[in-house]
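Heads up: the first sequence begins at 39 in the working numbering, then just goes up one per residue. Note that CB positions come from ideal geometry on N, CA and C, so glycine has one too.
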Amino acid sequence: MSDPAHELLAWFRTRQRAVPGRREADPYRIWVAEVMAQQTRIQTVAPYYDSFLERFPDIAALAASSLDDVLKAWEGLGYYGRARNLHRAARELMRDYGGRLPEDPARLRALPGIGPYTAGALASIAFGRPEPAVDGNVRRVLSRLRDLEAPSPPVLDALARSLIADADGEAGPLNQALMDLGSSVCTPRSPRCPDCPVSASCLSLERGTVSLRPGRRPRRELPHHDIGAALVWRGSMLLIARRPEDGLLGGLWEFPGGKVETGESPAEAARREVREELDVETEILRPADTVRHAYSHFRITLHLFHARWVSGGPPLAAGPADSPRWVRPDELVLYAFPAANRAIIRRLSRAEEAPHRHPGQA
DNA sequence: AACTCGGGGAG
DNA sequence: CTCCCAGAGTT
């Protein structure tokens, strides 16, 4: 008689991978690992995880930091709302819970950035509670195990709970076993069913529908946008601006610019957007760089131009959080930029090593 | 339920 | 190139 829960636990014990948060006992460190892992691959998370915890070793340190510092530590990880929510949640925890995470899933769920999955993961892994933690991997494993095309969250929840009920109080290890199985064996394509500890219980394997489970939603084709942006030089200083906190890339810094309208050249768009957004008049000098970048739901081609400041904008000296602001090129590394801008900065600093004249200097 | 929100690795 | 990932918030 098959016993999926015990098969999963036994399999998990034999192959504990080195995963951020896996060997941790501190709920805060598990929390950070789970949030970083949302929609993000484990290899991507690892380097961020260590440096983030070194920079913010506990909830109090995170709550006491500025959002800019947290975003800088998050730079390149994507979904920057996660960093904003983590920061907000830390402050709520200091105010309402004495700087500790609550153990109750419902209270966890009420914190910003903690949804059904993360609340279940924390409750089970950090606090040993018998709660399900259904992420994309677990959803796929359970869909195949029961041969379900599109199980709803309540159904998945119930399936996970029934496994947990057979797991002898080992909810955390069982949840992690399901996730591990999904990421290493029960993969979206080319699953390794011969290596699967629960293949004897798998209804999809029995029916030959493994590759069809779970069903995929049809996807739309990605629209493409051309963006014009400017490296506005004022002597040896560059103009950067902070994006609004809500919305795409919220709170990150960027070189000012915007969408190219129909009948407009990228250079014209750059000059117009700088004037409209920052009230700064410029003269476009020459193309600086072009970067293509893909987001989840659209693609952009970023056309960047060297430009000369003419008038308007902030004073040369400004407070640390003022936007827009003038910075020296070597100061750019202190600010959190989107990946598309970061690629430009890399190439800019490489070019900086070769002898040349600044476009804006006399 | 549908849509928004990044980035990167695998195939 | 396409797909999709240790999801959550908003509408």
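With residue i as the anchor, note down where its beta strand (DSSP E) starts and where it stops.
i    : result
V248 : First-last for V248: undefined, no H or E at that position.
V329 : V318 to A332
F343 : R337 to G350
List the whole-angstrom C-beta distance separating residue i from residue j, where the pair is believed to meet the contact cut-off of C-beta under 8 Å.
i    : j    : result
I322 : A345 : 5 Å
I382 : V329 : 6 Å
A127 : I163 : Going by Cβ atoms, the distance from A127 to I163 rounds to 17 Å, so no, they are not a contact pair.
P168 : A196 : With a Cβ gap of about 13 Å, P168 and A196 do not count as contacting.
S242 : P42  : Actually they do not touch by this definition, with Cβ atoms about 14 Å apart.
A198 : L180 : 7 Å
W112 : A98  : The Cβ separation is near 19 Å, so there is no contact.
A378 : H335 : That pair is no contact at about 15 Å.
Y87  : A63  : Not quite, the Cβ-Cβ distance comes to about 15 Å (not below 8 Å), so this is no contact.
G114 : R380 : 7 Å
F94  : S103 : 6 Å
D96  : Y135 : Between Y135 and D96 the Cβ distance is about 13 Å, and since that is not below 8 Å, they are no contact.
Considering only C-alpha positions, which residue in the set the options is nearest to residue i?
i    : options                   : result
A267 : P353, A326, G285 and R67  : A326
L219 : G285, R230 and A209       : R230
A48  : P140, L287 and Q214       : Q214
V401 : A377, A305 and R129       : The shown model of the chain, from 39 to 400, leaves out residue 401, and the question about it has no answer.
F375 : F50, S89 and D106         : D106
L212 : V176, E187 and R385       : V176
G273 : L186, I80, V73 and T320   : T320
G350 : V318, R380, H341 and D360 : V318
V73  : S103, G246, E314 and Y118 : Y118
C224 : A203, P252 and P189       : P252
G207 : H44, R385 and R388        : H44
D173 : F165, A161, L186 and L194 : L194
V248 : L287, R255, P232 and D185 : D185
D368 : S387, A359 and L250       : S387
R53  : P85, R385 and S222        : S222
H341 : S89, V298, V348 and P189  : V298
D204 : S40, W69 and G246         : S40
F300 : P85, H263 and A356        : Here residue 300 is Thr; the residue named in the question, Phe, does not match the sequence. Closest by alpha carbon: H263.
L286 : R254, V83 and G116        : G116
Hey, residue i and residue j: beta-carbon distance below 8 Å or not?
i    : j    : result
A159 : A171 : yes
L316 : P261 : no
L100 : G289 : no
L276 : P294 : no
R280 : W291 : yes
I265 : G296 : yes
N123 : P154 : no
L372 : W364 : no
R324 : F343 : yes
L46  : V236 : yes
E187 : F165 : no
P226 : R178 : yes
R157 : L139 : Arg is not the amino acid found at residue 157; the sequence shown has Ala there. In this structure, L139 does not lie closer than 8 Å to A157 by Cβ.
Alpha helix (DSSP H) containing residue i: first to last residue?
i    : result
D264 : No alpha helix (DSSP H) holds D264; the beta strand (DSSP E) holding it covers H262 to R272.
F50  : P42 to T52
D233 : Taken as a continuous stretch (DSSP letters only), D233 belongs to no alpha helix (DSSP H), as it is neither H nor E.
F90  : I80 to R93
R199 : P191 to A203
P140 : Segment: none, P140 is in no alpha helix (DSSP H) and carries neither H nor E.
P154 : P154 to A159
S221 : A209 to S222
G285 : Here G285 belongs to no alpha helix (DSSP H), and DSSP marks it neither H nor E.
L124 : G119 to D134
A102 : I97 to A102
A404 : This structure does not reach residue 404, given that the chain is present from 39 up to 400, and the question cannot be answered.
R177 : G174 to L183
V108 : L105 to W112
May I ask you to list the residues that DSSP assigns as paired with residue i?
i    : result
I278 : R363
W291 : R280
G296 : G266
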